[in-house]
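FYI, the numbering for the sequence shown is 8 to 105, going by my numbering.
For every residue, glycine included, the Cβ atom is placed at its ideal position computed from N, Cα and C.
Model, not experiment: these values are computed from the prediction.
Inspection log for the structure reproduced underneath, given as structure tokens.
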Amino acid sequence: MNQKATAAALAIALGTAMTIAAAPASAADTGAQEKCFGVALKGKNDCKAGPGTSCAGSSTKDYQGNAWKSVPAGSCEQTASPKSPTGHGQLAAFKEKA
């Protein structure tokens, strides 16, 4: 490689590295999680699912309003939940619609 090609390659590599370093990190990139109610399937919740239940895997029906699943932060209220009043997951327990 000649000196011009080496210098150009170095400039491109440096510019790419600076662009990546300057990009904002999203919640998904940082691994941040939030509790999302009403999105877990029967027996697939992450923890407590209301009175009479103990912890993970104790939900008794799909999309149970008082059972939560850990999801990437910021994604809960965009996740489908057919039994939620809004049709999406909720950040707090709710009463399921019929």
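So residue 75 and residue 101 are supposed to be a Cβ contact under 8 Å. How far apart are they, rounded? Between residue 101 and residue 75 the Cβ distance is about 11 Å, and since that is not below 8 Å, they are no contact.
Per DSSP, what kind of secondary structure is residue 62 in: helix, strand or coil? Per DSSP, reduced to three states, the secondary structure at residue 62 is coil, with no helix or strand assignment.
Should residue 52 and residue 64 be called a contact, given that it needs their Cβ atoms to be closer than 8 Å? Less than 8 Å separates the beta-carbon of residue 52 from that of residue 64.
Look up residue 87 in the DSSP assignment and give the residues it is bridged to. Looking at the DSSP assignment, residue 87 forms a beta bridge with 95.
Let me check one thing: in DSSP terms, what residues is residue 82 bridge-paired to? Answer is none; residue 82 lacks a bridge partner.
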